[in-house]
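Position 27, counted from 1, in the sequence shown is what the numbering used here calls 102; the numbers after and before it change by one each time, with no gaps. Built from N, CA and C at the ideal position, the CB exists for glycine as well.
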Amino acid sequence: MLTNQEAIGFIDSGVGGLTVVKEALKQLPNERIIYLGDTARCPYGPRPAEQVVQFTWEMTNFLLEKKIKMLVIACNTATAVALDDIRAHLEIPVVGVILPGSRAALKMTKNNRIGVIGTDGTIKSGAYSAAIKKKAPNTSITSLACPKFAPIVESNEFHSSVAKKVVSETLQPLLLKQLDTLILGCTHYPLLRPLIQNVMGSNVTLIDSGAETVGEVSMLLDYFDIANTPQNKSAVNEFYTTGSPKMFQTIADEWLDIEDINVQHIRLGGQ
Ligand code: I24
Ligand code: DGL
Numbered sequence: 076m077l078t079n080q081e082a083i084g085f086i087d088s089g090v091g092g093l094t095v096v097k098e099a100l101k102q103l104p105n106e107r108i109i110y111l112g113d114t115a116r117c118p119y120g121p122r123p124a125e126q127v128v129q130f131t132w133e134m135t136n137f138l139l140e141k142k143i144k145m146l147v148i149a150c151n152t153a154t155a156v157a158l159d160d161i162r163a164h165l166e167i168p169v170v171g172v173i174l175p176g177s178r179a180a181l182k183m184t185k186n187n188r189i190g191v192i193g194t195d196g197t198i199k200s201g202a203y204s205a206a207i208k209k210k211a212p213n214t215s216i217t218s219l220a221c222p223k224f225a226p227i228v229e230s231n232e233f234h235s236s237v238a239k240k241v242v243s244e245t246l247q248p249l250l251l252k253q254l255d256t257l258i259l260g261c262t263h264y265p266l267l268r269p270l271i272q273n274v275m276g277s278n279v280t281l282i283d284s285g286a287e288t289v290g291e292v293s294m295l296l297d298y299f300d301i302a303n304t305p306q307n308k309s310a311v312n313e314f315y316t317t318g319s320p321k322m323f324q325t326i327a328d329e330w331l332d333i334e335d336i337n338v339q340h341i342r343l344g345g346q
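Given below as structure tokens:
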């Protein structure tokens with residue numbers, strides 16, 4: 076098969092990476108997608124870096140067997156600790172979510188004061204501040220771990236008054252920092268966007284790292300001349316999960332607004 080007709084692989088710790096897939100379906104409708112979510116071992120956020128690197132490799136090796144033309148690490152925590160290692164060993168282009176988010180933030184900021192929120196693992200790694208400082212050393216960066224945010228989304232409480240309270244309390248330390256740009260450095264945070272915007276105020280631009288990443292994927296497909304064409308859009312997208320396919324399907328159907336997606340259960344790491 077021509078490389079152009081091969082799928083783009085997406086990996087994530089669970090279902091959160093579907094926020095990136097939603098954007099990909101919109102911006103790249105000719106592309107075929109193979110997604111793997113490690114739902115059984117989610118969340119990655121609180122795990123030690125070495126373990127996240129190992130799990131991310133297990134996901135990568137699974138998708139490599141499916142023949143993919145590009146790999147997108149849709150998970151911020153996995154990107155933070157595993158991107159460099161995986162990219163160094165693969166022959167296909169590997170894209171993470173941290174650089175596209177950082178680049179978009181640098182483009183938007185006027186006062187060079189950028190905030191980053193994410194899981195414990197992402198913030199502890201310092202990957203966002205390293206990426207931003209490398210490009211613009213004079214930027215002031217405030218990083219804040221928000222370990223309570225993803226669980227709020229996963230318990231379906233993201234519209235509730237509890238969510239509003241937790242978001243407000245957690246983000247208080249950022250309000251003194253005169254930020255004009257805040258990076259949503261976690262797959263789940265776009266679902267909390269209205270609450271986060273409300274607390275930060277309308278003068279702060281929120282950056283969705285996942286959505287920015289799809290712009291980068293699009294650019295790389297053209298650069299390597301491996302984009303698919305509408306005529307060749309063939310087989311359907313495939314979704315794999317290490318957890319319950321039924322539960323995955325329920326969330327994916329609702330979120331992606333397409334019915335009866337093809338979800339299969341797989342095992343990783345000898346589980
Ligand atoms: N959102 C996420 N994870 C969940 C959830 C959710 N349950 C409800 N909603 N559960 O992530 C995680 C654990 N599950 C996963 C599936 O297998 C079993 C264990 C955010 C997803 C972002 C696309 C809320 C919810 C929903 C539908 C769409 C979007 C959404 F129910 F946030
Ligand atoms: N996908 C993760 C991220 O973007 C959030 C969920 C988790 O902790 O695994 O960092």
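Close-in-space but distant-in-sequence residues of the same chain around residue 211 (CB under 8 Å, 5 per side omitted): The beta carbon of residue 211 sits closer than 8 Å to the beta carbons of 181, 187 from its chain, once the five residues preceding and following it are set aside; these are given in chain order.
Closest Cα partner of residue 340 within the set 331, 334, 324, 332: 324
Residue from 230, 89, 126, 147 whose Cα sits closest to the Cα of residue 135: Here the closest residue by C-alpha is 147.
beta-carbon residue 176 near the ligand I24 non-hydrogen atom, thresh 7 Å: No.
Any non-hydrogen atom of the ligand DGL closer than 7 Å to residue 234 Cβ: no
Exposure label - residue 277; buried when at least 16 CB within 10 Å: exposed
Member of 295, 274, 322, 313 whose CA lies at the smallest distance from the CA of residue 82: 313
Close beta carbons around residue 156, own chain, < 6 Å, minus the five adjacent residues each side: 124, 127, 128, 200
Residues that residue 259 bridges to, as DSSP identifies them: 192, 283
Heavy atom of the ligand I24 within 7 Å of residue 148 beta-carbon: no
Beta-carbon spacing of residue 224, residue 261 below 8 Å: Against a cut-off of 8 Å, the Cβ pair of residue 261 and residue 224 comes out as a contact.
Length of the line joining the Cα atoms of residue 250 and residue 321: 41 Å
Range covered by the alpha helix (DSSP H) that runs through residue 220: Boundaries for residue 220: no alpha helix (DSSP H) harbours it, while the beta strand (DSSP E) harbouring it runs 215-220, taken from the DSSP string.
Three-state secondary structure (DSSP) of residue 336: coil
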